[in-house]
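Student: Sequential numbering of the sequence shown, starting at 193, is according to this note's numbering.
We treat Cβ as the ideally placed atom computed from N, Cα and C, and that holds for glycine.
Take this structure, written in structure tokens, and hold onto it; I'll ask about it next.
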Amino acid sequence: MRLLDRYTLRELLTPLGFCLCGFLVFWVSFDLLTELRDLQAHKLQAIDVLQYYAVRAPEFVVTVLPMALLLAVLYALGRHAKHNELTAMRCAGLGMWRICTPHLAVGVLASLVSFAMNELWVPDTEQRAELVLKKRLADAPGGMRDTLVRNFGFTNARQRRTWQFAIYNPLTTEMTEPKVDWERPDGSYIELIAKRAVWTNGMWTFYEVWQNVYLVGGDRSAVPQHRNFFDALPVPAFSETPRQINSQVKIATRLSRRAGKRADVPLAELWSYLQLRPELTPQDHAWLYTKLHGRLAAPWACLVAVLIAIPFGAGLGARNVYVGAASSVGLCFGYFVLMQLGLALGSGGHLPPAWGAWLPNIVFGLLGFVLIVRAR
Numbered sequence: 193m194r195l196l197d198r199y200t201l202r203e204l205l206t207p208l209g210f211c212l213c214g215f216l217v218f219w220v221s222f223d224l225l226t227e228l229r230d231l232q233a234h235k236l237q238a239i240d241v242l243q244y245y246a247v248r249a250p251e252f253v254v255t256v257l258p259m260a261l262l263l264a265v266l267y268a269l270g271r272h273a274k275h276n277e278l279t280a281m282r283c284a285g286l287g288m289w290r291i292c293t294p295h296l297a298v299g300v301l302a303s304l305v306s307f308a309m310n311e312l313w314v315p316d317t318e319q320r321a322e323l324v325l326k327k328r329l330a331d332a333p334g335g336m337r338d339t340l341v342r343n344f345g346f347t348n349a350r351q352r353r354t355w356q357f358a359i360y361n362p363l364t365t366e367m368t369e370p371k372v373d374w375e376r377p378d379g380s381y382i383e384l385i386a387k388r389a390v391w392t393n394g395m396w397t398f399y400e401v402w403q404n405v406y407l408v409g410g411d412r413s414a415v416p417q418h419r420n421f422f423d424a425l426p427v428p429a430f431s432e433t434p435r436q437i438n439s440q441v442k443i444a445t446r447l448s449r450r451a452g453k454r455a456d457v458p459l460a461e462l463w464s465y466l467q468l469r470p471e472l473t474p475q476d477h478a479w480l481y482t483k484l485h486g487r488l489a490a491p492w493a494c495l496v497a498v499l500i501a502i503p504f505g506a507g508l509g510a511r512n513v514y515v516g517a518a519s520s521v522g523l524c525f526g527y528f529v530l531m532q533l534g535l536a537l538g539s540g541g542h543l544p545p546a547w548g549a550w551l552p553n554i555v556f557g558l559l560g561f562v563l564i565v566r567a568r
């Protein structure tokens, strides 16, 4: 890395760190003032409050990282322009793209970090925060029952297998009163009705289970042709894993609400859900694929913010500082408005899912690219 790159990188990372810390302190302070009564009602101690906000921090960091990058790039380039350092670099034969290579590299790296956090930590933030919030109330009635899934069913359309159960515990992978039925290639129909089932040794094991077999063309509401009872019945042929079942539960809940416009469903859950549901209604197809493209497009807001900030930050020495900063912040605000609008239109089926998710990146990314090219 050249000396100039190290210098510009240092000048960028310092304000970026201050911006992130400032946003974090402001957010914690504001949220603490509004949620203090609720935290006290849950009998949280000081260490619990710190853990609560540490658990919620990834979601906040992902949200404010593009704006923090925008302000940091504006400040860093504004200082370079104010002290005529950009002019000296240009006179030395360096183009704007070469000067801003460290800024663009940080934008790409921030996008990758945002994507990783969005997939690995952010989706479970709300659930983990809820566990911390209720840790002092673990002995209260119903404290652990919030994690149980009741009276749920789903269909594995690829293998023509239907699952139903009365209670499912995602933490222990134990089912109560499961019922699984499917059609075999020869046309016969099998039904398993058990008292409980557990995922163990990489397969589902059913306990106190009746296996009913209906022959080809048989009436499934009539008495089965064969009926066997097993104390324990391992079924390695079932491909449905607890992770896929958890995805079915989570996405089915979100589909029933249809309220969220954010791309808040992890790619792993979307993929697991689509593996079992190849055939979708037009409404479900629009919602799921908008979420899929939204998960891929959202992290690149960091790079778009850098592209928007570069031309305005580089011109702060020649223009009013407040005009340049306000213009770039206004463009970023328009970006986020268009992003939410695109996700809403894509989820509703009014735009193709890919267009709804990627249009803001394309429009504002090209705008930033054109403004950098025109910056002389």
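(1) CB A478 to CB P552, shorter than 9 Å?
(2) What does the alpha-carbon distance come out to for the pair F252 and A349?
(3) Does R194 pass the burial test, meaning 16 or more other C-beta atoms within 10 Å, or should it be called exposed?
(4) What did DSSP end up calling N393 once you bin it into helix, strand or coil?
(5) Starting from T354, follow its DSSP beta bridges and name the residues at the other end.
(6) Taking a contact to mean a Cβ-Cβ separation below 9 Å, would you say L257 touches L212 in this structure?
(7) Using 8 Å as the cut-off, can you tell me whether the segment 539-556 makes contact with the segment 491-504, which would need three or more C-beta pairs spanning the two stretches below that distance?
(8) Quick check: F421 and W396, are their CB atoms within less than 9 Å of each other?
(9) Between which two residues does the alpha helix (DSSP H) carrying Y426 extend?
(10) I need the DSSP call for A233, collapsed to helix, strand or coil.
(11) If you pair each beta-carbon of the segment 226-237 with each one of the segment 199-207, do three or more pairs fall below 8 Å?
(12) Relative to the alpha-carbon of I443, which residue among P377, F344, G209 has its alpha-carbon at the smallest distance?
(13) May I have the straight-line CA-CA distance separating Q356 from A518, to the nearest angstrom?
(14) Short of 8 Å in beta carbon distance, which residues of its chain neighbour A260, apart from the five on each side in sequence? Order them along the chain.
(15) Give me, in chain order, the residues of the same chain whose beta-carbon lies closer than 6 Å to that of F346; leave out the 5 immediate sequence neighbours on both sides.
(16) How long is the line joining the alpha carbons of M336 and V247, rounded to whole angstroms?
(17) When the Cα atoms are used, what is the spatial distance from L583 to E311?
(18) Whose C-beta lies closer than 6 Å to the C-beta of L425 among residues of the same chain, with five residues either side of it excluded?
(19) Which class does L563 belong to by DSSP, given the choice of helix, strand or coil?
(20) Where DSSP assigns a beta bridge to T368, which residues make up the other side?
(21) Could you give the C-beta distance for A501 and L262, rounded to a whole number, given that I count them as a contact under 8 Å?
(22) So, helix, strand or coil for I443, using DSSP?
(23) Do the segment 261-277 and the segment 461-476 make contact, defined as three or more Cβ pairs closer than 8 Å?
(24) Give every residue of the same chain whose Cβ lies closer than 7 Å to the Cβ of A302, excluding the five residues on either side of it in the sequence, and list them in chain order.
(25) Within 10 angstroms of its Cβ, does P482 collect 16 or more other Cβ (buried), or is it exposed?
(26) Would you kindly report the start and end of the unbroken alpha helix (DSSP H) that includes N310?
(27) According to DSSP, which residues form a beta bridge with I382?
(28) Leaving aside the five residues before and after V192 along the sequence, list all residues of the same chain whose C-beta is less than 7 Å from its C-beta, in chain order.
(29) Since H275 is in the alpha helix (DSSP H), which residue starts that stretch and which ends it?
(30) Between which two residues does the alpha helix (DSSP H) harbouring W492 extend?
(31) Would DSSP call F398 helix, strand or coil?
(32) Where does I291 land, buried or exposed, given buried means 16+ other C-beta within 10 angstroms?
(33) From the DSSP output, in three-state form, read off S194 for me.
(34) So what's R337 in DSSP terms, helix, strand or just coil?
(35) Considering only C-alpha positions, which residue in the set I382, V298, W391 is nearest to T633?
Tutor: Working from what's here:
(1) As a position in the sequence shown, residue 478 is number 286, starting the count at 1. As a position in the sequence shown, residue 552 is number 360, starting the count at 1. Remark: C-beta atoms of A478 and P552 do not approach each other more closely than 9 Å.
(2) Counting from 1 along the sequence shown, the entry for residue 252 is found at position 60. Counting from 1 along the sequence shown, the entry for residue 349 is found at position 157. Using only the alpha carbons, I get a separation of about 38 Å.
(3) Your numbering for residue 194 matches position 2 in the sequence shown. Exposed, since its Cβ has fewer than 16 Cβ neighbours within 10 Å.
(4) Indexing the sequence shown from 1 puts residue 393 at position 201. Of the three classes helix, strand and coil, the one that applies to N393 here is coil, per DSSP.
(5) Indexing the sequence shown from 1 puts residue 354 at position 162. T354 is bridged to T347, D373.
(6) Looking up residue 257 in the sequence shown gives position 65. Looking up residue 212 in the sequence shown gives position 20. Judged by their CB atoms, L257 and L212 are nearer to each other than the 9 Å cut-off.
(7) Of all C-beta pairs linking the segment 539-556 to the segment 491-504, three or more are shorter than 8 Å, placing the two stretches in contact.
(8) Position 229 of the sequence shown, counted from the start, is the residue given in the question as residue 421. Position 204 of the sequence shown, counted from the start, is the residue given in the question as residue 396. Between F421 and W396, the C-beta spacing is not below 9 Å.
(9) By one-based count along the sequence shown, residue 426 stands at place 234. Per the sequence presented here, residue 426 reads as Pro, with Tyr not at that position. From DSSP, P426 is part of no alpha helix (DSSP H) but of the beta strand (DSSP E) over 418-427.
(10) Taking the sequence shown and counting its residues from 1, one reaches residue 233 at position 41. Reduced to three states, the DSSP call for A233 is helix.
(11) Touching, no, given that fewer than three Cβ pairs across the two stretches are closer than 8 Å.
(12) The residue labelled residue 443 in the question sits at position 251 within the sequence shown. Answer by Cα proximity: F344.
(13) For the purposes of this step, residue 356 is taken as residue 164 along the sequence shown, with counting starting at 1. For the purposes of this step, residue 518 is taken as residue 326 along the sequence shown, with counting starting at 1. Distance between Q356 and A518, taken at the CA atoms: about 56 Å.
(14) Within the sequence shown, numbered from 1, the residue matching residue 260 stands at position 68. A distance below 8 Å between beta-carbons, with the five flanking residues on each side excluded, links A260 to the following residues of its chain, in chain order: L208, C211, L212, F215.
(15) Numbered from 1 along the sequence shown, position 154 holds the residue referred to as residue 346. Correct list, in chain order: W355, Q440.
(16) Translated into positions along the sequence shown, residue 336 becomes position 144. Translated into positions along the sequence shown, residue 247 becomes position 55. Confidence is the limiting factor: at M336 the pLDDT is only 45, short of 50, which leaves the residue's position unreliable and the question unanswerable from this model.
(17) Residue coverage of the chain in this structure runs from 193 to 568, which leaves residue 583 outside it and unanswerable.
(18) In the sequence shown, the residue the question calls residue 425 occupies position 233. These residues qualify, in order along the chain: F398, V401.
(19) Counted from its first residue, the sequence shown places residue 563 at position 371. It is helical.
(20) Taking the first residue of the sequence shown as 1, we reach residue 368 at position 176. As DSSP reads the structure, T368 sits in a beta bridge with I359, R388.
(21) Within the sequence shown, the letter at position 309 stands for residue 501. Within the sequence shown, the letter at position 70 stands for residue 262. Confirmed, Cβ separation roughly 5 Å.
(22) As a working mapping, residue 443 is identified with position 251 in the sequence shown. Three-state DSSP puts I443 in a helix.
(23) Taking a contact to require three or more Cβ pairs closer than 8 Å, the segment 261-277 and the segment 461-476 do not qualify as touching.
(24) The residue given as residue 302 occupies position 110 in the sequence shown. Answer for A302: L257, L261, C494, listed in chain order.
(25) On the sequence shown, residue 482 is found 290 positions in, with the first residue counted as 1. In the sequence as displayed, the identity of residue 482 is Thr instead of Pro. Per the 10 Å Cβ criterion, buried.
(26) Translated into the one-based positions of the sequence shown, residue 310 becomes position 118. The continuous alpha helix (DSSP H) containing N310 extends over residues 293-312.
(27) Taking the first residue of the sequence shown as position 1, residue 382 is located at position 190. Per DSSP, W374, V405.
(28) In this structure the chain extends from 193 to 568, so residue 192 is not present and cannot be described.
(29) Translated into the one-based positions of the sequence shown, residue 275 becomes position 83. From DSSP, H275 is part of no alpha helix (DSSP H); its letter is neither H nor E.
(30) Taking the first residue of the sequence shown as 1, we reach residue 492 at position 300. DSSP places W492 outside any alpha helix (DSSP H), giving it a letter other than H or E.
(31) Along the sequence shown, read from residue 1 onward, the residue named residue 398 stands at position 206. DSSP, reduced to helix, strand and coil, places F398 within a strand of the structure shown.
(32) Mapped onto the sequence shown, residue 291 falls at position 99. Taking a 10 Å sphere around the C-beta of I291, we find 16 or more other C-beta atoms and assign the residue as buried.
(33) Within the sequence shown, numbered from 1, the residue matching residue 194 stands at position 2. Here residue 194 turns out to be Arg, not Ser, going by the sequence shown. R194: coil per DSSP, three-state reduction.
(34) Position 145 of the sequence shown holds residue 337. Only weak support is given to the placement of R337: the predicted model assigns it a pLDDT of 49, under 50, and the value that follows is read from those uncertain coordinates. Three-state DSSP puts R337 in a helix.
(35) Summary: the structure shown does not reach residue 633, with the chain confined to residues 193 through 568, and so no result is reported for it.
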